[in-house]
Every structure is written in structure tokens, then in C-alpha cells.
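Peer 1: Top line first, the protein sequences correspond to chains A and B.
If you're matching positions, the first sequence starts at 165 in the numbering used here and goes up one per residue.
If you're matching positions, the second sequence starts at 165 in the numbering used here and goes up one per residue.
Each residue gets a CB set at the ideal place from its N, CA and C atoms; glycine is no exception.
Protein chains: 2
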Amino acid sequence: MLISSTESTAPATASGPHGRIAASARVVDSPVMPNDRFDAWFAARRRRGVFQVTRIPFAQLSNWSFDPRTGSLAHDSGRFFSVEGLRVEADEQIGSWEQPILVQREIGILGILVREFDGVLHFLMQAKLEPGNTGAVRLSPTVQATRSNYTGVHRGRTIPYIEHFVPPRTGRLLVDSLQSERSAWFLRKRNRHMVVETKGGVPEHEDFCWLTLGQLRALMHRDNILSMEACSVLACLPGGPADDGGRALHELGEVTSLLCEIKARYEVAQHRIPLARTASWRRLDDEISRPDGKFFKVIAAEVHAESREILHWSQPLLAPAPGGHAVLLTRRFHGVRHVLLHARVEAGALDVAEFGPTVQCTPDNYRDLPAERRPRFLEYALSAPVERVLYDAVLSEEGARFHHAEVRYRIIEVGDELAEVPDEFVWVTADQIGRLLRNSYYLNMQARTFVALLHSLD
Amino acid sequence: MLISSTESTAPATASGPHGRIAASARVVDSPVMPNDRFDAWFAARRRRGVFQVTRIPFAQLSNWSFDPRTGSLAHDSGRFFSVEGLRVEADEQIGSWEQPILVQREIGILGILVREFDGVLHFLMQAKLEPGNTGAVRLSPTVQATRSNYTGVHRGRTIPYIEHFVPPRTGRLLVDSLQSERSAWFLRKRNRHMVVETKGGVPEHEDFCWLTLGQLRALMHRDNILSMEACSVLACLPGGPADDGGRALHELGEVTSLLCEIKARYEVAQHRIPLARTASWRRLDDEISRPDGKFFKVIAAEVHAESREILHWSQPLLAPAPGGHAVLLTRRFHGVRHVLLHARVEAGALDVAEFGPTVQCTPDNYRDLPAERRPRFLEYALSAPVERVLYDAVLSEEGARFHHAEVRYRIIEVGDELAEVPDEFVWVTADQIGRLLRNSYYLNMQARTFVALLHSLD
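Structure below.
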């Protein structure tokens with residue numbers, strides 16, 4: 165009962181990772197976790213995994229406190245993350261500003277374990293419970309952990325399957341690259357994206373299930389099932405050989421050159437500053453926010469969980485202003501699908517700028533700006549006729565540090581009207597994106613998520 | 165009189181950049197600047213371009229001063245660079261330390277203009293005069309400039325040929341990538357490496373000359389002719405199709421994975437601190453240094469030049485401890501040349517670590533350490549028999565900010581004895597390095613310099 169959505173054209177012996185990944189994408193149901201059983205399993209995870217999250221004043225946080233000198237908010241152990249101040253200085257066009265920023269020195273692992281069942285690659289996904297998520301459970305990578313997690317700062321909590329991702333590994337690495345976190349909120353944070361194939365037996369765990377890439381891509385079309393982290397790792401899977409047949413609108417060197425140009429142009433500098441002296445932001449008893457309510461708040465929460473080893477803790481969370489939008493415009497040139505990327509400067513970027521989707525914003529943050537200073541293509545995307553919308557679903561930001569942070573992702577097909585695009589935007593093919601994703605820091609979190617979603621349309 | 169060193173096997177019509185670059189490498193003399201005329205021209209540049217550099221107390225610097233609060237040394241305009249303090253924190257193996265560091269927010273351009281003469285690509289090289297260099301003039305990229313230079317902070321000094329490297333450009337980009345500066349001394353500094361081909365006429369300038377790649381590679385074998393910057397840019401030139409025939413010892417993914425592993429392992433954090441409170445370093449009237457004299461000093465210099473538009477100025481310079489060594493070990497596996505790279509953590513690296521050559525150090529800095537804590541392969545390299553030394557020459561660090569900083573570069577062929585290498589070292593092919601160099605921050609300055617030198621052996 166390995167059900168393929170299309171006639172398989174791959175030879176049965178295709179043994180390289182590319183061919184086997186493509187083959188797994190064509191398998192849209194599997195006896196390992198049949199689709200009709202998945203829904204029941206996932207619903208049961210959601211019923212079991214419920215957090216009670218209560219906002220509390222900062223003063224009631226356990227083991228978290230404000231540094232009396234700088235005002236930064238940190239854990240007493242010095243681990244996890246801290247909330248600090250950031251001053252971004254750039255040229256006149258970008259301007260300068262200050263904001264709170266999450267600082268986390270550790271490089272986290274986002275790792276998916278894969279294994280063949282009956283000759284088809286399956287991906288081990290975790291029904292992961294995080295306090296910040298609406299509906300709580302998301303289908304996440306097998307392992308989503310920082311060193312603090314797996315070296316015991318969490319006081320003895322063990323991370324299932326972590327042994328496949330730390331030395332000495334025995335499996336085969338299909339993906340291993342550092343990719344940026346959400347750089348509007350995190351300072352120079354990056355995660356290690358890993359996909360490891362094992363040939364051995366893998367013990368079962370009630371919160372984990374094996375799915376084919378075809379099953380995962382079908383689930384991407386439903387609201388709030390897959391986490392953005394899962395999409396981001398899946399986006400990095402090696403693709404097949406070039407499918408753009410040299411018909412890309414721009415050479416790859418021109419695409420990466422645009423990013424060099426942006427980085428050189430704006431002379432962005434990042435300075436950590438005391439959180440207590442972050443202009444335009446104020447600290448109240450229970451939130452750090454701007455008087456106009458824009459961008460985000462930092463809040464404190466008490467979390468009670470039934471199914472976790474640690475049943476009760478408190479922590480700060482970053483709560484973005486609601487209404488996040490991400491839009492990817494797509495069209496065909498010479499018969500080859502292209503997508504429109506935006507070279508975006510983000511406050512906490514490791515290296516000034518990365519490619520984001522065409523639009524990535526919370527429109528309300530720009531409500532009082534004149535039309536010409538609002539994000540490019542936002543109006544265009546918001547007014548797109550429904551028949552042009554190829555993909556439309558809501559995904560959540562990671563819920564261990566973000567609170568009720570949802571983004572509506574849409575892929576919109578455009579006509580011939582956008583051959584010419586402004587400086588800082590560029591049309592690229594899926595094959596070119598695949599080549600960029602073998603390296604670090606070309607595509608931001610939202611763009612990587614879109615890459616996985618884009619593949620789900622095939 | 166285009167003299168080829170070998171029978172050309174390239175078709176005469178090879179018009180892609182790869183083929184034309186390889187063709188230029190085979191041309192070892194040229195009527196545009198014949199070899200016998202080059203020496204006279206370069207000697208004349210050296211006679212004309214003489215700096216008188218006098219060490220002065222910091223108090224005598226014009227327009228540079230110490231911040232009374234932090235002790236940082238900066239230019240009154242806020243441009244150029246500043247000398248600040250850096251605290252590096254890492255795990256137990258790497259340790260933590262403090263040091264002065266140069267901070268420069270701007271991304272500099274290192275750009276070489278190329279043009280065909282009689283069907284052969286020639287590279288426009290500048291006889292560049294810099295105060296810190298012994299013998300002063302080095303053969304450098306066409307343009308070596310920061311925004312301060314070409315936007316007029318230097319008070320009207322113009323940069324010849326800069327128009328080929330800033331928008332709107334008319335030439336064809338052969339190379340455009342950001343690469344790191346010397347990360348032991350610079351905080352997160354990077355330069356834009358560019359090679360631009362023009363079809364148009366290019367005005368002559370007495371300090372510039374056109375050379376083929378074959379001529380440049382011959383010059384690399386002489387001490388102190390080419391600058392490391394020139395080598396670094398030439399290293400980024402696109403190579404031909406894969407020449408390792410899939411016989412590389414490791415897949416490229418394994419190579420880049422090693423760098424991910426190192427970055428994740430050590431949890432390196434960089435904190436800017438007041439220069440005045442940098443442990444183990446002291447500020448005297450005329451130098452910032454360690455009592456044991458290790459690593460480097462920051463000094464102040466008064467510079468008089470005869471041939472510059474600005475005839476007289478003063479500035480700080482970083483003077484490394486003498487005796488810099490860089491060694492690249494090489495051997496063949498399955499008939500294919502490999503080189504041994506070291507995944508190196510450097511204090512100011514943008515992203516923790518990059519690949520450096522096998523050895524990169526000033527041995528005297530380690531004189532009081534037990535043998536097992538000295539750099540790996542240093543003893544091995546220092547005791548290598550002379551017949552194994554494929555390349556041996558002295559190159560200078562950039563002389564606008566470094567004083568009398570010379571490094572002896574050696575490429576040493578090893579026998580069968582080094583098939584097994586320690587963790588953090590990896591054997592890679594020249595073709596793999598070429599693929600890494602299309603992206604940023606894989607190879608450090610010294611490793612990139614070696615790539616150009618390695619090509620000069622062909």
C-alpha cells in the first residue's frame with residue numbers, strides 16, 4: 165500500500181538521495197502511518213498536549229531576572245536566551261532604530277531522521293508541544309534542541325533520537341547547513357539544519373511518526389499542522405539535477421551579486437545596548453512594548469503542562485503584533501517557474517541581508533505611512549484575485565519563544581505585468597534556490613518555508 | 165608576441181569565462197606589458213613611491229583620539245577604522261580571552277578590471293603604495309577602496325577605475341562575493357571581491373599595467389611583488405569544469421559539514437569591550453601591547469609621501485609579531501591533488517570559523533607552550549626536506565593598516581604518511597575549493613591566497 169500520486173518514472177534502482185527524495189515525494193500515502201490514521205494520531209497528540217499559559221508580571225518569573233545595570237532580561241543560569249537592546253545604524257535610506265532583541269549564543273539543531281520503509285524514504289516527525297502555539301502541537305523536526313537541552317541544563321530532560329545528530333554519528337548526512345533564525349527578532353541566531361538517514365532500527369515513540377515526503381507536502385496545505393522549522397529543514401533537501409535548462413532569467417552569479425550590493429550599500433552596524441535605554445520602547449510590569457503597539461511585545465508567561473517531564477515553569481515570550489503576512493509571487497518565464505525574492509535587511513541578520521519572500525510584513529505596522537513607504541507588492545498581493553492564489557495557509561512561528569505568532573503564507577501567480585521589478589527584487593528559479601540552500605545565509609526563514617510550500621504544489 | 169607556455173588545447177573560439185581564464189593563464193608573456201619591461205616599470209614605481217614612516221606617540225596623531233570613556237582609538241570623522249577591545253568567550257577547549265581588535269563597518273571593494281587584448285584576457289594591476297609595507301609598492305587589485313575613499317571622506321581623492329565597480333556598471337561581472345578580512349585582527353570585516361570584464365577602451369595610468377594571468381602567476385613566485393589582496397581576488401576566478409573526476413576523498417557536503425560542526429561545538433561569543441579594560445594588554449605612550457610582546461602591537465605613525473595627493477598624514481597601524489608562517493600541505497589521493505585545510509576559529513570571524521591553510525601562525529607566540537599545545541603540523545612543516553617544498557615566498561599583509569607584516573607562504577608535498585588527519589582538518593581538491601569560493605566565508609584570507617599560489621604551480 166505505497167500509493168503513488170503519479171506514474172513513477174524513476175528507475176526502481178535509483179539509489180542516490182535525489183532520486184529517492186523525489187520518489188518519496190510521489191508517495192502520498194503509506195502503511196507506516198496511513199493518512200486516515202494520521203489524523204486520529206495527531207488529534208490525540210493535541211488532546212494530550214495542552215499547555216495552560218498564563219501571562220504574569222515579570223516580577224513573578226522564576227529564575228529569570230532583569231540585570232539591574234543594563235535592564236537585560238536573562239535566565240539565572242546564563243543559558244537559554246536573553247532579551248537585550250539593539251541599536252541598528254545604517255545609511256539614510258534604511259535609517260537607524262532601536263529595539264529589544266533575543267540573544268542566544270548557541271546554535272540549535274533542527275534535525276530530521278529519515279529511513280527507508282519498503283524502499284521508500286520516510287521522515288520521522290515529532291508532534292511537538294510548545295507553549296506559544298495556538299492549538300499547541302505542531303509537526304516538527306525529529307530533533308529541535310539547543311546544547312542546553314541535550315547537555316542537561318534542562319535538568320535531566322532527554323532528547324529522543326539526539327544520538328543521530330551529534331558525534332559520533334552513524335547515519336548518512338543528506339543535509340547539514342547553518343541557516344538563519346528569524347532575524348527581525350533574534351541577533352545573529354542560526355540553526356543547524358540536518359537530515360540524517362539511518363539504516364538501522366529506530367525505536368518507536370508515541371509522539372513521533374514516520375511520513376513520506378508526499379504525505380508531508382499534502383499536510384502543508386492545511387493550517388497550523390507543520391511547523392515553519394519543519395518546512396525550513398525540508399526546503400534544504402537536495403533537489404534533482406537542474407530543471408531550469410539554463411532558461412533562468414538571471415545567472416546565479418547575478419542573483420548573489422545583488423545580495424553583495426545590498427550588503428555593501430547600506431553599511432549596517434548592530435550595537436548591543438542596555439535594554440533599559442532602548443528608545444521608543446518601555447518596560448511595564450508585565451510587558452516590554454512600544455506605546456503604539458507596533459512590531460511586538462515581550463511578555464512573561466507561566467506554563468503548566470501535563471505531558472512534559474518538567475510540568476511547570478515560567479519564561480519570557482515574544483508576542484508579535486498579529487496579522488503577519490508572507491507572499492511569494494511566481495510566474496513563468498520561457499516556460500520555467502520563477503519566484504520573486506526580496507533582498508531584505510533585517511535587524512539581527514548575521515550578515516546584513518538575506519533573500520526573503522516577495523512580501524514579509526505585518527501590514528498594521530505600516531498603517532500610518534504613506535503608500536510609497538509601505539512594503540512593495542503588499543497592495544498588489546492583498547488585492548490579487550482568488551484564482552491566482554496557488555497556496556494559502558496559516559503557519560505558526562516556533563512556539564518555545566514566540567507567542568501566538570501566526571503568519572499567513574500565500575503563493576500568488578502573476579501575469580506578464582511584472583517582468584520589470586524594482587532594485588532589490590529578483591526573479592529566480594526553484595533550481596537556483598536549491599543551489600543557494602546548499603550554503604548558509606542566502607534565504608531567510610520565511611523564504612525557506614516558501615521553498616518547501618512551493619515544492620508541495622508540484 | 166603572445167607567448168604560450170604550453171601547447172594550447174583550448175579551441176580558439178572558447179568564449180566562456182572559464183576557457184578564456186585558462187587561456188590567459190597559459191600566456192606567460194605579452195606585448196601589452198612584456199616581462200622585460202615589467203621589471204623596469206615596477207622598479208620605477210618603487211623608486212617613486214617611497215613613504216617615510218615615523219613612529220610617534222599616540223598624543224601626536226592628528227584627527228585620531230582615544231575615547232575618554234572607553235579608551236577606543238578612532239578617527240574624529242567616525243570613518244576609517246577604530247581600535248576597540250574584544251572579549252571572546254568559548255567553551256573550555258578554546259577558552260576565553262581579550263584583545264584589541266580593528267573595527268571597520270564598511271565593506272571594502274577589492275576589484276580587478278579585465279579586458280581582452282588580441283583575444284587574451286589581461287588583468288589591470290595597480291602598483292599600490294602603502295605605508296606599512298617593506299619596500300612599499302605591491303602589485304594590487306585595480307581598485308582597493310572603501311566607501312570613505314570613493315565618496316569623498318578622503319577629501320577629494322579620486323579612485324581611478326572605480327566606475328567599473330559601482331552601479332551603474334557596464335562591464336560583465338566574473339566574480340562578486342564577500343570574503344573575510346584577516347579575522348584575528350579585524351572584527352567581522354569583509355571585502356567585496358570583484359572581477360569585472362570591460363569591452364571598452366580604458367584610459368592608461370602610470371601606476372597601472374595590464375598583465376595576463378600567466379604573467380601574474382609567474383610573479384607570485386617572487387617575494388613581495390603581489391599583494392595578498394591580489395592573490396585573494398584571483399583565487400575567486402571561476403575555474404573550469406570539475407577536474408577531480410569525482411575522485412575527491414570526501415564529498416563536498418562532508419567538507420562543509422565539518423565547518424558546521426566546529427561552529428556548533430565551541431559556542432563562541434564576541435563581546436566588544438572598552439579598549440581600556442582589555443585584560444593582558446596595556447597602553448603605553450606609543451603602543452598598545454602585551455608585556456610579553458606576543459601577537460601584535462598597535463602603534464602610531466606619521467607618514468610622508470611624495471607621490472600621493474595627500475602628502476602627509478598620521479594614523480594607527482597594527483604591527484604583528486614578526487615571523488608569520490603559513491603552510492599548505494598537499495598530496496595526491498587517487499592521482500588527484502588534495503590540500504589539507506584547517507577549520508580555524510578566529511577572534512573576529514563573522515561566523516566563528518573558516519577554513520585556513522594547514523598551518524597559520526607566528527611560532528614565537530607559542531614558544532612557552534608544551535609541544536602538544538602548539539599548532540598542529542608546525543614542527544612537521546618546519547622540518548620538511550627542501551625537495552618537498554613546491555612553493556616558498558614571502559608575501560606582505562595589506563599595508564594601509566598593517567605595519568611590516570610579512571608571512572612566509574610554503575606549499576609542501578607530503579608522502580603517504582598523512583592519510584589520517586586530526587578532527588578539524590580535512591583534505592579537499594582544488595575543484596572543491598573553487599566551488600566553495602563561489603560563496604562567502606568558507607576560506608579565510610590566507611587560504612584564499614594559497615589557492616592563487618597553488619594555481620601558479622600548474
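Give the range of the beta strand (DSSP E) segment to which residue 308 (chain B) is assigned.
Peer 2: Taking the first residue of the second sequence as 1, we reach residue 308 (chain B) at position 144. Taken as a continuous stretch (DSSP letters only), the beta strand (DSSP E) holding residue 308 (chain B) covers 307-309.
Peer 1: In three-state terms, what does DSSP make of residue 185 (chain B)?
Peer 2: Position 21 of the second sequence, counted from the first residue, corresponds to residue 185 (chain B). Three-state DSSP puts residue 185 (chain B) in a helix.
Peer 1: Name, please, each residue of chain A whose Cβ falls closer than 7 Å to the Cβ of residue 424 (chain B).
Peer 2: Position 260 of the second sequence, counted from the start, is the residue given in the question as residue 424 (chain B). By Cβ distance, chain A contributes 340, 341, 342 and 356.
Peer 1: Among B:500, B:366 and B:590, whose alpha-carbon lies nearest the alpha-carbon of residue 426 (chain B)?
Peer 2: Stepping through the second sequence from its first residue, residue 426 (chain B) is reached at position 262. Of the candidates B:500, B:366 and B:590, the one whose C-alpha sits nearest the C-alpha of residue 426 (chain B) is B:590.
Peer 1: Taking the beta carbon of residue 435 (chain B) as the centre, do at least 16 other beta carbons fall within 10 Å, making it buried, or is it exposed?
Peer 2: On the second sequence, residue 435 (chain B) is found 271 positions in, with the first residue counted as 1. By the 10 Å Cβ count, residue 435 (chain B) comes out exposed.
Peer 1: Mind checking which residues open and close the beta strand (DSSP E) that includes residue 577 (chain A)?
Peer 2: Against the first sequence, residue 577 (chain A) aligns to sequence position 413. First-last of the beta strand (DSSP E) with residue 577 (chain A): 570-577.
Peer 1: Going along the chain, which residues of its own chain have a beta-carbon closer than 7 Å to the beta-carbon of residue 598 (chain A), five neighbours each way excluded?
Peer 2: Counting from one through the first sequence, the residue named residue 598 (chain A) turns up at place 434. Cβ neighbours of residue 598 (chain A) beyond the five flanking positions: 403.
Peer 1: Counting only C-beta atoms, is residue 420 (chain A) closer than 9 Å to chain B at any point?
Peer 2: Start at 1 with the first residue of the first sequence, and residue 420 (chain A) comes out as number 256. It does; some Cβ of chain B falls within 9 Å.
Peer 1: Counting only Cβ-Cβ distances shorter than 7 Å, please list the residues of the region 243-257 of chain B near chain A, keeping chain order.
Peer 2: From the region 243-257 of chain B, no residue has a Cβ closer than 7 Å to chain A.
Peer 1: Short check: CB of residue 490 (chain A) to CB of residue 610 (chain A), under 9 Å?
Peer 2: Sequence index remark: in the first sequence, residue 490 (chain A) carries index 326 (1-based). Sequence index remark: in the first sequence, residue 610 (chain A) carries index 446 (1-based). A contact, by the Cβ cut-off of 9 Å.
Peer 1: Quick check: the region 298-314 of chain A against the region 285-297 of chain B, are there 3 or more CB pairs under 8 Å?
Peer 2: With a cut-off of 8 Å, the region 285-297 of chain B and the region 298-314 of chain A do not count as touching, because too few Cβ pairs lie within range.
Peer 1: With DSSP collapsed to three states, give me the class of residue 537 (chain B).
Peer 2: Counting from one through the second sequence, the residue named residue 537 (chain B) turns up at place 373. In the structure shown, residue 537 (chain B) sits in a helix (DSSP, three-state: H, G or I).
Peer 1: Less than 9 Å between the beta carbons of residue 582 (chain A) and residue 545 (chain A), yes or no?
Peer 2: Start at 1 with the first residue of the first sequence, and residue 582 (chain A) comes out as number 418. Start at 1 with the first residue of the first sequence, and residue 545 (chain A) comes out as number 381. Cβ distance not < 9 Å, so residue 582 (chain A) and residue 545 (chain A) don't count as in contact.
Peer 1: Figure out for me which residue from B:536, B:334, B:475 and B:368 has the closest Cα to the Cα of residue 324 (chain B).
Peer 2: For this step, residue 324 (chain B) is matched to residue 160 along the second sequence. Here the closest residue by C-alpha is B:368.
Peer 1: Output needed for residue 233 (chain A): all residues of its chain with C-beta closer than 8 Å, excluding positions within five of it in sequence on either side, in chain order.
Peer 2: Taking the first residue of the first sequence as 1, we reach residue 233 (chain A) at position 69. Excluding residues within five positions, the ones whose Cβ falls inside 8 Å are 438.
Peer 1: Does any C-beta atom of chain B lie closer than 9 Å to the C-beta of residue 608 (chain A)?
Peer 2: One-based indexing of the first sequence puts residue 608 (chain A) at position 444. No, residue 608 (chain A) lies away from the interface with chain B (no Cβ there is under 9 Å from its Cβ).
Peer 1: Identify the continuous beta strand (DSSP E) that holds residue 554 (chain A) and give its terminal residues.
Peer 2: The residue given as residue 554 (chain A) occupies position 390 in the first sequence. Residues 553-560.
Peer 1: What runs of the beta strand (DSSP E), each 3 residues or longer, lie entirely inside the region 423-471 of chain A?
Peer 2: Listed in chain order, the complete beta strand (DSSP E) runs (minimum 3 residues) inside the region 423-471 of chain A are 433-437, 451-453 and 460-469.
Peer 1: Check whether chain B comes within 9 Å of residue 270 (chain A), counting only Cβ atoms and requiring the distance to be less than that.
Peer 2: In the first sequence, the residue the question calls residue 270 (chain A) occupies position 106. Closer than 9 Å to some Cβ of chain B, the Cβ of residue 270 (chain A) qualifies, so yes.
Peer 1: Just by C-beta distance, which residues in the region 508-536 of chain B are closer than 8 Å to chain A?
Peer 2: Going along the region 508-536 of chain B in chain order, one finds 514 and 515 with a Cβ nearer than 8 Å to chain A.
Peer 1: Please report the residue range of the beta strand (DSSP E) in which residue 229 (chain A) lies.
Peer 2: Residue numbering aside, residue 229 (chain A) sits at position 65 when the first sequence is read from its first letter. Looking at the DSSP string, the run of the beta strand (DSSP E) that includes residue 229 (chain A) is 228-230.
Peer 1: Taking beta-carbon pairs under 8 Å, can you tell me which members of the region 305-335 of chain A lie near chain B?
Peer 2: The residues in question are 311 and 331.
Peer 1: Taking the alpha-carbon of residue 429 (chain B) as reference, which of A:496, A:272, A:413 and A:386 has the nearest alpha-carbon?
Peer 2: In the second sequence, the residue the question calls residue 429 (chain B) occupies position 265. Closest option to residue 429 (chain B), Cα to Cα, is A:272.
Peer 1: How many Å lie between residue 507 (chain A) and residue 418 (chain A) at the Cα?
Peer 2: As a position in the first sequence, residue 507 (chain A) is number 343, starting the count at 1. As a position in the first sequence, residue 418 (chain A) is number 254, starting the count at 1. Roughly 13 Å between the two C-alpha positions.
Peer 1: Between residue 185 (chain A) and chain B, is any beta-carbon pair separated by less than 9 Å?
Peer 2: If you number the first sequence from 1, residue 185 (chain A) lands on position 21. Not one chain B Cβ lies under 9 Å of residue 185 (chain A).
Peer 1: Out of curiosity, what's the CA-to-CA distance linking residue 560 (chain B) and residue 253 (chain A)?
Peer 2: What you label residue 560 (chain B) is simply residue 396 of the second sequence in a count that begins at 1. What you label residue 253 (chain A) is simply residue 89 of the first sequence in a count that begins at 1. Distance between the alpha carbons of residue 560 (chain B) and residue 253 (chain A) is about 34 Å.
Peer 1: Just tell me which of B:223, B:338, B:370 and B:256 has its CA closest to the CA of residue 210 (chain B).
Peer 2: Position 46 of the second sequence holds residue 210 (chain B). Residue 210 (chain B) has its Cα closest to that of B:370, out of B:223, B:338, B:370 and B:256.
Peer 1: Hey, residue 459 (chain B) and residue 485 (chain B) are a contact pair by Cβ (cut 8 Å); roughly how many whole angstroms apart?
Peer 2: The residue given as residue 459 (chain B) occupies position 295 in the second sequence. The residue given as residue 485 (chain B) occupies position 321 in the second sequence. Contact flag correct, Cβ pair sits at about 6 Å.
Peer 1: Answer with yes or no whether the minimum CB distance from residue 265 (chain B) to chain A is below 9 Å.
Peer 2: As a working note, residue 265 (chain B) is residue 101 in the second sequence. No, because no Cβ of chain A sits closer than 9 Å to the Cβ of residue 265 (chain B).
Peer 1: Hey, quick one: how far does the beta strand (DSSP E) through residue 277 (chain A) stretch, first residue to last?
Peer 2: Translated into positions along the first sequence, residue 277 (chain A) becomes position 113. That run of the beta strand (DSSP E) goes 272-281.
Peer 1: Under 8 Å between beta-carbons, which chain A residues line up against residue 363 (chain B)? List them in chain order, please.
Peer 2: One-based indexing of the second sequence puts residue 363 (chain B) at position 199. The premise fails here: residue 363 (chain B) is roughly 18 Å from chain A at the closest Cβ pair, so nothing lies under 8 Å.
Peer 1: Just checking: is the beta-carbon of residue 617 (chain A) within a distance shorter than 9 Å of some beta-carbon in chain B?
Peer 2: On the first sequence, position 453 is the one that residue 617 (chain A) refers to. Closer than 9 Å: no.
Peer 1: Can you give me the start and stop residues for the alpha helix (DSSP H) that residue 267 (chain A) sits inside?
Peer 2: The count along the first sequence starts at 1 and reaches residue 267 (chain A) at position 103. First-last for residue 267 (chain A): 261-267, but that is the beta strand (DSSP E), not the alpha helix (DSSP H).
Peer 1: Applying the criterion that 16 or more other CB atoms from any shown protein chain within 10 Å of the CB defines a buried residue, is residue 517 (chain B) buried or exposed?
Peer 2: Mapped onto the second sequence, residue 517 (chain B) falls at position 353. Buried.
Peer 1: Under 7 Å Cβ-Cβ, which residues of chain B neighbour residue 603 (chain A)?
Peer 2: By 1-based counting over the first sequence, the position of residue 603 (chain A) is 439. Near residue 603 (chain A) (Cβ distances below 7 Å), the residues of chain B are 603.
Peer 1: Could you name the residues of chain A that residue 275 (chain B) contacts, counting a contact when the two beta carbons are closer than 9 Å?
Peer 2: Residue numbering aside, residue 275 (chain B) sits at position 111 when the second sequence is read from its first letter. None at all; the shortest Cβ gap to chain A is about 11 Å.
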